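Reading through the structure tokens given below for one structure.
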Amino acid sequence: MNVDFHSWDVEDLPFEDASFYVVVSQFGHMFAHRPSVALSEMLRGHKPNGTIAFSTWPPALFMWSFFQINAKYGPPPPEGAKSPVLWGNVDVVRKRLSSLADNILFDHHKLIQPGLSAPHIKDVCVMAFYRASRFEQTYFPVRCDFSRRICVVGLRYAIAEVCLFKVILFAALSKFCA
6 MNVDFHSWDV EDLPFEDASF YVVVSQFGHM FAHRPSVALS EMLRGHKPNG
56 TIAFSTWPPA LFMWSFFQIN AKYGPPPPEG AKSPVLWGNV DVVRKRLSSL
106 ADNILFDHHK LIQPGLSAPH IKDVCVMAFY RASRFEQTYF PVRCDFSRRI
156 CVVGLRYAIA EVCLFKVILF AALSKFCA
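The sequence shown maps to residues 6 to 183 in the numbering used here.
Here is the structure:
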């Protein structure tokens, strides 16, 4: 099997219409500022009766809480942007896709994120946030509060001694209307 992986702007894909039998997004589409545009592009690129599959984080789990904390401390999203966590809500996904697909399937899987401890996982998350938002230039007490909140969330979701389990929502869509 010959498979090519590409990374592109999901709101402006450089592919011809109906190029692929399968279109996959591993958390990428959920960060598009305009979900309807991203979905239109994904649909445009796939062949009739093809499949689109994607994974997102569902509510009430670690990443959902992490996004809520980021929203409090990070820069505001662009005007009109939809929250990426909405893609983890089955009802929202079903509403966005119901007129476009004949078959929508949902499944949940556990994803293991290794870590030495809850504070170690916190450090990984904080560093990712720093890089994304230049947060390191923020007033020190604000950084401490952010770090403390992430650590509390990490402890809440830490399972066993060295792993943090995140449940991902996997959606597969097939037999789209042409």
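Backbone N, C-alpha and C fix where the C-beta goes; we use that ideal spot for every residue, glycine too. None of these values were measured; they are calculated from a predicted model.
Can you tell me which of Val27, Leu48, Asp128 puts its alpha carbon nearest to the alpha carbon of Phe71? Checked all of Val27, Leu48, Asp128; the closest Cα to Phe71 is Asp128.
Rounded to whole angstroms, what is the Cα-Cα separation between Val98 and Asn7? Their Cα atoms are separated by approximately 31 Å.
Using a Cβ-Cβ cut-off of 8 Å (strictly less than) and excluding sequence neighbours within five positions of Gln31, which residues of its own chain qualify? Excluding residues within five positions, the ones whose Cβ falls inside 8 Å are Phe59, Ser60.
Starting from Phe72, trace the alpha helix (DSSP H) both ways and give me its first and last residue. Counted as a single uninterrupted DSSP element, the alpha helix (DSSP H) harbouring Phe72 occupies residues 67–78.
Bridge partners - Asn7, DSSP secondary structure assignment: Its beta-bridge partners do not exist; DSSP assigns none.
Could you tell me the boundaries of the alpha helix (DSSP H) in which Val2 lies? Any question about residue 2 goes unanswered here, given that the chain covers just 6 to 183.
If you pair each beta-carbon of the segment 40–55 with each one of the segment 67–85, do three or more pairs fall below 8 Å? Verdict: no, contact absent.
Short Cβ contact (8 Å threshold) for Thr184 with Val27: This structure does not reach residue 184, given that the chain is present from 6 up to 183, and the question cannot be answered.
With distances taken between CB atoms, is the gap from Gly93 to Pro53 smaller than 8 Å? Not closer than 8 Å, so no.
Taking DSSP as the reference, what is the three-state secondary structure of Gly55? DSSP places Gly55 in strand when its eight states are reduced to three.
Any heavy atom of the ligand GDP closer than 7 Å to the beta-carbon of Lys100? The ligand GDP is absent from the structure shown, which contains no ligands of any kind.
What residues match up with Asp14 in a beta bridge as DSSP calls it? Bridge partners of Asp14 according to DSSP: none are assigned.
Report the rounded CA-to-CA distance for Phe80 versus Ala37, giving the unit in angstroms. It should be noted that the sequence gives Pro, not Phe, for residue 80. Going from the Cα of Pro80 to the Cα of Ala37 covers about 16 Å.
Pick helix, strand or coil for Leu105, following the three-state DSSP scheme. In the structure shown, Leu105 adopts coil according to DSSP, grouped into three states.
As assigned by DSSP and simplified to three states, the class of Phe36: Collapsing the DSSP output to three states places Phe36 in a helix.
Rounding to the nearest angstrom, what Cα-Cα distance links His113 and Phe67 in this structure? Per the coordinates, the alpha-carbon of His113 lies some 15 Å from the alpha-carbon of Phe67.
Assigned secondary structure, Tyr144 (DSSP; H/G/I helix, E/B strand, else coil): Because Tyr144 carries a pLDDT of 49, less than 50, the predicted location of this residue cannot be relied on, and the following value inherits that uncertainty. DSSP places Tyr144 in coil when its eight states are reduced to three.
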